[in-house]
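Novice:
In our numbering, the protein residues as written are 8 to 392.
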């Protein structure tokens with residue numbers, strides 16, 4: 008019926024316009040971050056810091072990431088603590104190699120025998136924290152690669168005594184397959200965009216990013232320690248949210264780190280994307296509902312199809328494409344300095360179609376797969392299936 012077609016056209020056109028508006032706000036948020044994050048980097052402020060790295064197995068490019076932590080141009084003291092559930096773990100050999108090649112760096116291994124909750128990473132951190140020598144601690148993943156100025160710039164965030172958590176943006180280094188490249192593209196042009204937009208609209212961020220979670224033992228104690236996160240999937244988000252509730256500020260500093268995106272097949276890509284989607288859904292329920300309108304390219308393509316490629320819909324698609332590409336280049340290339348975005352930008356419409364699909368699919372169930380284990384999510388809490 009004609010009226011049904013008119014309604015469908017009107018709905019997808021409105022969703023497209025909402026997506027364009029989101030893109031313009033995202034550009035505003037990116038400009039604000041660029042301006043504020045260009046300040047001093049805390050020269051002369053160099054407290055001692057313990058870097059805590061829970062590890063399990065050997066990830067691609069992991070050793071290069073570990074070496075980058077040893078090459079810090081930092082005037083203060085720092086140490087590297089690695090936590091493993093078993094001394095038989097393959098990562099132990101890599102840590103032994105690191106200790107031989109970097110004897111001037113304090114590197115220690117902590118065996119974390121107890122499994123204190125469904126989240127193995129947090130379980131290890133509970134057991135590692137008592138071994139840390141310094142008040143300031145940084146948690147990041149085993150494959151994170153950093154610049155020589157990483158510690159200086161992250162620690163500069165604590166020059167403001169109201170800050171309880173410092174976190175940083177990151178890029179994903181793709182490992183060759185199309186699915187790996189799509190995920191890396193999404194990190195630079197979708198996930199990071201959402202972070203900067205939330206920062207602008209909410210007057211700051213109230214969550215952390217797993218690429219870097221820098222805090223203090225005092226702040227951790229105020230939120231209940233790592234113990235309160237041992238059953239949480241989105242431990243980085245929860246850590247920032249709980250520290251905010253405890254009265255601390257979360258600071259996002261402009262120090263870009265790199266993680267490795269595995270050479271996924273389609274199944275691995277789908278499992279990882281769905282885990283991210285359901286994790287975000289449970290962490291920011293109302294904000295996640297609105298995430299659907301941000302996928303402006305699928306909605307604008309739907310408007311063209313619904314209207315029979317009418318001139319107005321083609322014009323709307325052109326406007327949506329211009330805004331979407333502008334956001335991708337501004338954040339992905341301008342702020343994150345991720346050259347992969349230029350190489351893979353042709354895949355942006357496909358990436359956004361997958362993003363919209365996983366957003367919708369996330370509401371179809373509560374199970375996720377994490378490091379080969381299957382869990383059920385109950386408002387962010389993990390239950391082993």
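Think of the CB as a built atom: it goes at the ideal place given N, C-alpha and C, for glycine as much as any other residue. No experiment lies behind these values; they were computed from the predicted model shown.
Report yes or no: do the stretch 193 to 212 and the stretch 118 to 129 share at least 3 C-beta pairs separated by less than 8 Å?
Specialist: The stretch 193 to 212 vs the stretch 118 to 129: no contact.
Novice: Taking the alpha-carbon positions, what's the residue 391 to residue 78 distance?
Specialist: Here residue 391 corresponds to residue number 384 of the chain shown, with the count starting at 1. Here residue 78 corresponds to residue number 71 of the chain shown, with the count starting at 1. Each residue's alpha carbon lies about 39 Å from the other.
Novice: Using 8 Å as the Cβ pair cut-off and three pairs as the minimum, do the stretch 306 to 323 and the stretch 278 to 295 touch?
Specialist: No: the two stretches stay apart, fewer than three of their Cβ pairs being nearer than 8 Å.
Novice: Quick one: Cα of residue 19 to Cα of residue 144, how far?
Specialist: As a working note, residue 19 is residue 12 in the chain shown. As a working note, residue 144 is residue 137 in the chain shown. Cα-Cα distance, rounded: 47 Å.
Novice: Give a yes or no on whether the C-beta atoms belonging to residue 66 and residue 219 are separated by under 8 Å.
Specialist: Position 59 of the chain shown, counted from the first residue, corresponds to residue 66. Position 212 of the chain shown, counted from the first residue, corresponds to residue 219. Contact: no.
Novice: Between 141, 269, 265, which has its C-alpha nearest residue 189's C-alpha?
Specialist: The sequence position of residue 189 within the chain shown is 182, counting from 1. The shortest C-alpha separation from residue 189 is found at 269.
Novice: For residue 95 and residue 153, what's the separation of their Cα atoms in angstroms?
Specialist: Taking the chain shown and counting its residues from 1, one reaches residue 95 at position 88. Taking the chain shown and counting its residues from 1, one reaches residue 153 at position 146. Taking the straight line from one Cα to the other gives about 27 Å.
Novice: For residue 115, write down the residues that DSSP places opposite it in a beta bridge.
Specialist: Here residue 115 is taken as the residue at index 108 of the chain shown, counted from 1. For residue 115, which the question treats as bridged, DSSP gives the partners 88.
Novice: Note the first and the last residue of the continuous beta strand (DSSP E) segment covering residue 392.
Specialist: Here residue 392 corresponds to residue number 385 of the chain shown, with the count starting at 1. Taken as a continuous stretch (DSSP letters only), residue 392 belongs to no beta strand (DSSP E), as it is neither H nor E.
Novice: For residue 91, is the classification buried or exposed, using 16 other Cβ atoms within 10 angstroms of its Cβ as the cut-off for buried?
Specialist: Translated into positions along the chain shown, residue 91 becomes position 84. Classification of residue 91: buried, given that the 10 Å Cβ count is 16 or more.
Novice: Should residue 108 be labelled buried (16 or more other beta-carbon atoms within 10 Å of its own) or exposed?
Specialist: Along the chain shown, read from residue 1 onward, the residue named residue 108 stands at position 101. By the 10 Å Cβ count, residue 108 comes out exposed.
Novice: Hey, residue 406 and residue 338: beta-carbon distance below 8 Å or not?
Specialist: Nothing can be reported for residue 406, as the shown portion of the chain is limited to 8 through 392.
Novice: Quick one: grab the DSSP three-state call for residue 294.
Specialist: Translated into positions along the chain shown, residue 294 becomes position 287. Reduced to three states, the DSSP call for residue 294 is helix.
Novice: Between 284, 287, 344, 278, which has its C-alpha nearest residue 381's C-alpha?
Specialist: In the chain shown, residue 381 corresponds to position 374, counting from 1. Here the closest residue by C-alpha is 278.
Novice: Kindly identify the DSSP beta-bridge partner or partners of residue 220.
Specialist: If you number the chain shown from 1, residue 220 lands on position 213. Residue 220 is bridged to 146.
Novice: Going by the CB atoms, is the gap between residue 192 and residue 354 shorter than 8 Å?
Specialist: Counting from one through the chain shown, the residue named residue 354 turns up at place 347. Counting from one through the chain shown, the residue named residue 192 turns up at place 185. Yes, they are a contact pair.
Novice: Identify the residues that DSSP records as bridge partners of residue 179: which are they?
Specialist: In the chain shown, the residue the question calls residue 179 occupies position 172. According to DSSP, which records beta bridges pairwise, residue 179 is partnered with 266.
Novice: Would the beta-carbon of residue 26 fall within 8 Å of that of residue 202?
Specialist: As a working mapping, residue 26 is identified with position 19 in the chain shown. As a working mapping, residue 202 is identified with position 195 in the chain shown. Not a contact, by the Cβ cut-off of 8 Å.
Novice: Tell me which same chain residues have a C-beta within less than 8 Å of the C-beta of residue 104, skipping the five on either side of it?
Specialist: Start at 1 with the first residue of the chain shown, and residue 104 comes out as number 97. Cβ neighbours of residue 104 beyond the five flanking positions: 70.
Novice: Does residue 64 pass the burial test, meaning 16 or more other C-beta atoms within 10 Å, or should it be called exposed?
Specialist: For this step, residue 64 is matched to residue 57 along the chain shown. By the neighbour-count rule (16 or more Cβ atoms within 10 Å), residue 64 is not buried but exposed.
Novice: Ordered along the chain, which non-local residues of its own chain (more than five positions away) have a Cβ less than 6 Å from that of residue 187?
Specialist: Stepping through the chain shown from its first residue, residue 187 is reached at position 180. Excluding sequence neighbours, residue 187 sits near 181, 268, 270, 271.
Novice: Short check: CB of residue 52 to CB of residue 162, under 8 Å?
Specialist: Residue 52 sits at position 45 when you count from the first residue of the chain shown. Residue 162 sits at position 155 when you count from the first residue of the chain shown. Yes, these two residues count as a Cβ contact at 8 Å.
Novice: Can you name the residues that DSSP bridges to residue 383?
Specialist: Your numbering for residue 383 matches position 376 in the chain shown. Answer is 374, 390, bridged to residue 383.
Novice: For residue 346, is the classification buried or exposed, using 16 other Cβ atoms within 10 angstroms of its Cβ as the cut-off for buried?
Specialist: Residue 346 sits at position 339 when you count from the first residue of the chain shown. Exposed: under 16 other Cβ atoms inside 10 Å.
Novice: Measuring CB to CB, does residue 280 end up less than 8 Å from residue 126?
Specialist: Here residue 280 refers to the residue found at position 273 of the chain shown. Here residue 126 refers to the residue found at position 119 of the chain shown. No, Cβ-Cβ distance for residue 280 and residue 126 is not below 8 Å.
Novice: So for residue 235, helix, strand or coil by DSSP?
Specialist: Counted from its first residue, the chain shown places residue 235 at position 228. If DSSP states are grouped into helix, strand and coil, residue 235 belongs with the helices.
Novice: Beta carbon of residue 176, beta carbon of residue 263: below 8 Å?
Specialist: Locating residue 176 in the chain shown gives position 169, counting from the first residue. Locating residue 263 in the chain shown gives position 256, counting from the first residue. Yes, they are a contact pair.
Novice: State the Cα-Cα distance for the pair residue 129 and residue 237, rounded to the nearest angstrom.
Specialist: Locating residue 129 in the chain shown gives position 122, where the first residue counts as 1. Locating residue 237 in the chain shown gives position 230, where the first residue counts as 1. Roughly 5 Å separates the two Cα atoms.
Novice: The beta strand (DSSP E) that contains residue 207, what's its start and end?
Specialist: Taking the first residue of the chain shown as 1, we reach residue 207 at position 200. Premise fails: residue 207 lies in the alpha helix (DSSP H), 199 to 208, not in any beta strand (DSSP E).
Novice: Measuring straight from C-alpha to C-alpha, what distance separates residue 102 and residue 93?
Specialist: Translated into positions along the chain shown, residue 102 becomes position 95. Translated into positions along the chain shown, residue 93 becomes position 86. Residue 102 and residue 93: Cα-Cα distance of roughly 13 Å.
Novice: Can you tell me whether DSSP reads residue 304 as helix, strand or coil?
Specialist: Here residue 304 is taken as the residue at index 297 of the chain shown, counted from 1. Note: residue 304 maps to helix in three-state DSSP.
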